[in-house]
Amino acid sequence: MLGSGTTGRVLVTGARGMLGGQLLADAPQGLSPVGTDRSAEGRVSGLEHHGGVDLTVADAVERLFDCIDDLVGVIHPAAYTAVDKAEEEPGLARAVNAAAAQIVARACASRGLPLVVVSTDFVFDGTGERPYREDDAPNPTSVYGATKLEGEQLALAANPGRTAIVRTQWLYGPGGNHFPGTMLRLASERDQLRVVSDQVGSPTSTLELSPALWDVLVRGAAGVYHAACEGRASWYDLAVATLAEAGVTGVKVDPCTTDEFPRPAKRPAYSVLDCSKLAALRGAPLAPWREALARFLAHERA
1 MLGSGTTGRV LVTGARGMLG GQLLADAPQG LSPVGTDRSA EGRVSGLEHH
51 GGVDLTVADA VERLFDCIDD LVGVIHPAAY TAVDKAEEEP GLARAVNAAA
101 AQIVARACAS RGLPLVVVST DFVFDGTGER PYREDDAPNP TSVYGATKLE
151 GEQLALAANP GRTAIVRTQW LYGPGGNHFP GTMLRLASER DQLRVVSDQV
201 GSPTSTLELS PALWDVLVRG AAGVYHAACE GRASWYDLAV ATLAEAGVTG
251 VKVDPCTTDE FPRPAKRPAY SVLDCSKLAA LRGAPLAPWR EALARFLAHE
301 RA
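So for the sequence shown, the UniProt record's numbering puts the first residue at 1; every next one is plus one.
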């Protein structure tokens, strides 16, 4: 456990990504997130898989850890997240999602460091009828889900007792490419949209998730946790809510089925996550998804 008042540096992988960037912005007082990529002004902007350090190369990761003074923990959101493309590039997806997680975990283990690994609802097959708990049996149906599950298992085994796996889902947030942004862009170009209505999950803002990940690290939690905004919605529900919260009118949104909008990777039909374990750890759940969406859109307008 780092505990409140702990000072030091925390390595955030994938810090140029949507979630990684938010983690940099939300670091608790006394903890400085660091990486290897720097802007022209010299400001630390975070670690990238294709930037200063290749996380799939053990020696490179070891050198990285050695060059960070006062390192007290690691948050690892870096991942291969191109769900459909992963079906064509399973080797690369496995290297980034599984092998890199193991390498980072081993580097943490040799130094006694806590590690938080961000994972996904895609480890489940989506055939359930109630929110998935942490102890429900995974059964991924895509390369992305399978490689993320392997990364979970390898990281837990490599750094036992000091690794927390945090599964989340349906992410959107500042600085990223995401579903609400796509809906708003399309709504500016068309007067009618068709959106899948038979996939159900919990839309989750990085503005809500990022502080939760910091809490997991600071509290020294280990094992598997689920973290998503409260409630459930379909992609159709999220599209309708996004346009309504943004004040967009004159655009008709029609529901369609997954079969009418086929993709290379199979998506879970139902992947709502039971986040009560994390709520007990933090003393509160993440915000309801509609409330979180309104907050995000207000953030974007500011």
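For every residue, glycine included, the Cβ atom is placed at its ideal position computed from N, Cα and C.
Given a threshold of 16 other Cβ atoms within 10 Å of its Cβ, counted over all protein chains shown, does Cys229 qualify as buried or as exposed?
Reading the sequence shown from its first residue, position 229 is the one you call residue 229. Buried: at least 16 other Cβ atoms inside 10 Å.
Three-way DSSP call (helix, strand, coil) for Lys252 in this model
In the sequence shown, the residue the question calls residue 252 occupies position 252. Reduced to three states, the DSSP call for Lys252 is strand.
Below 8 Å on the Cβ atoms is my guess for Arg162 versus Leu113; work out the distance and round it to an integer in Å.
Position 162 of the sequence shown, counted from the first residue, corresponds to residue 162. Position 113 of the sequence shown, counted from the first residue, corresponds to residue 113. 7 Å between Cβ atoms; contact.
Closer than 6 Å by C-beta to Pro180: which residues in its own chain qualify, once you throw out the five before and the five after it? Chain order, please.
Along the sequence shown, read from residue 1 onward, the residue named residue 180 stands at position 180. The answer, listed in chain order, is Tyr172 and Thr242.
Answer yes or no: do Val195 and Trp235 have a C-beta to C-beta separation smaller than 7 Å?
If you number the sequence shown from 1, residue 195 lands on position 195. If you number the sequence shown from 1, residue 235 lands on position 235. Yes; because the gap between Cβ atoms is below 7 Å, this pair is in contact.
Length of the line joining the Cα atoms of Gly126 and Tyr80:
Numbered from its first residue, the sequence shown carries residue 126 at position 126. Numbered from its first residue, the sequence shown carries residue 80 at position 80. Whole-angstrom Cα-Cα distance: 21 Å.
Close Cβ partners of Glu150 (< 6 Å) along its chain, the five nearest in sequence each way excluded:
Position 150 of the sequence shown holds residue 150. Same-chain partners within the cutoff: Ala98.
Can you give, in chain order, each stretch of the alpha helix (DSSP H) that sits fully within the region 206 to 279 and has at least 4 residues?
Along the region 206 to 279, the alpha helix (DSSP H) occurs as fully enclosed runs of 4 or more residues at 206 to 218 and 235 to 245, listed in sequence order.
To the nearest angstrom, how far is it from the Cα of Asp254 to the Cα of Ala239?
Within the sequence shown, residue 254 is the residue found at index 254, counting from 1. Within the sequence shown, residue 239 is the residue found at index 239, counting from 1. About 10 Å.
So what's Ile165 in DSSP terms, helix, strand or just coil?
For the purposes of this step, residue 165 is taken as residue 165 along the sequence shown, with counting starting at 1. Looking at Ile165 - three-state DSSP - the assignment turns out to be strand.
Three-state secondary structure (DSSP) at Pro180?
As a first step, residue 180 is located in the sequence shown; it is residue number 180 there, counting from the start. In the structure shown, Pro180 sits in a helix (DSSP, three-state: H, G or I).
Based on the DSSP secondary-structure assignment, which residues constitute the bridge partners of Leu31?
Translated into positions along the sequence shown, residue 31 becomes position 31. In DSSP, Leu31 forms a bridge with Gly8.
Would the region 20 to 27 count as touching the region 192 to 211 if we require 3 or more Cβ pairs under 8 Å?
yes
Beta-carbon proximity check, Tyr225 vs Lys266, cutoff 7 Å:
The count along the sequence shown starts at 1 and reaches residue 225 at position 225. The count along the sequence shown starts at 1 and reaches residue 266 at position 266. No. Outside cutoff.
Excluding five sequence neighbours on each side, which residues of the same chain lie with their C-beta closer than 6 Å to the C-beta of Glu260?
Sequence index remark: in the sequence shown, residue 260 carries index 260 (1-based). So the list is empty, once near-sequence residues are dropped.
Where Val10 falls, given that 16 or more other Cβ within 10 Å makes a residue buried
Along the sequence shown, read from residue 1 onward, the residue named residue 10 stands at position 10. Counting C-beta atoms within 10 angstroms of its own C-beta, Val10 has 16 or more neighbours from the protein chains shown and is therefore classed as buried.
I'd like to know if the region 80 to 90 and the region 124 to 139 are in contact, where contact means that at least 3 CB-CB pairs between them fall below 8 Å.
no
Kindly indicate which residue of Val166, Ala246 and Cys256 has the alpha-carbon position closest to the one of His76.
Position 76 of the sequence shown, counted from the first residue, corresponds to residue 76. Residue Val166 is the option with its Cα nearest to His76.
If you run the structure through DSSP and keep just helix, strand and coil, what is residue 349?
Shown here, the chain extends from 1 to 302; a query on residue 349 therefore has no answer.
On a CA-only basis, which of Asp215, Phe65, Cys108 and Gly73 is nearest Leu286? Give me that one, please.
By one-based count along the sequence shown, residue 286 stands at place 286. Considering only alpha carbons, the answer is Asp215.
With 16 other CB atoms within 10 Å as the buried threshold, where does Asp121 fall?
For the purposes of this step, residue 121 is taken as residue 121 along the sequence shown, with counting starting at 1. Flag for Asp121 reads buried.
With DSSP collapsed to three states, give me the class of Gln22.
Residue mapping note: residue 22 aligns to position 22 of the sequence shown, counting from 1. Note: Gln22 maps to helix in three-state DSSP.
When the distance is taken between beta carbons, is Pro140 closer than 7 Å to Val123?
Residue numbering aside, residue 123 sits at position 123 when the sequence shown is read from its first letter. Residue numbering aside, residue 140 sits at position 140 when the sequence shown is read from its first letter. Closer than 7 Å, so yes.
Taking the alpha helix (DSSP H) that Thr147 belongs to, which residues open and close that run?
The residue you call residue 147 lines up with position 147 of the sequence shown. That run of the alpha helix (DSSP H) goes Val143 to Ala158.
In this structure, how does DSSP classify Phe102 when only helix, strand and coil are distinguished?
The residue given as residue 102 occupies position 102 in the sequence shown. Checking the displayed sequence, the identity of residue 102 turns out to be Gln instead of Phe. Residue state, collapsed to three classes: helix.
How many Å lie between Leu207 and Phe65 at the Cα?
As a first step, residue 207 is located in the sequence shown; it is residue number 207 there, counting from the start. As a first step, residue 65 is located in the sequence shown; it is residue number 65 there, counting from the start. Between Leu207 and Phe65, the C-alpha separation is close to 28 Å.
In its own chain, which residues sit with a C-beta less than 7 Å from the C-beta of His50, not counting the 5 before and 5 after it?
Walking along the sequence shown from the start, residue 50 turns up at place 50. Note that His50 scores 34 on pLDDT, short of 50, meaning its location in the model is unreliable; the coordinates nonetheless yield the value given after this. There are no such residues.
With distances taken from CA atoms, which of Glu88, Ser110, Gln102 and Arg219 is nearest Ala279?
Counting from one through the sequence shown, the residue named residue 279 turns up at place 279. Of the listed residues, the one whose Cα sits closest to Ala279 is Arg219.
When you compare each of Thr168, Leu293 and Arg282 to Ala244 by their alpha carbons, which one comes out closest?
As a first step, residue 244 must be located in the sequence shown, where it is residue number 244. The candidate whose alpha carbon is nearest that of Ala244 is Leu293.
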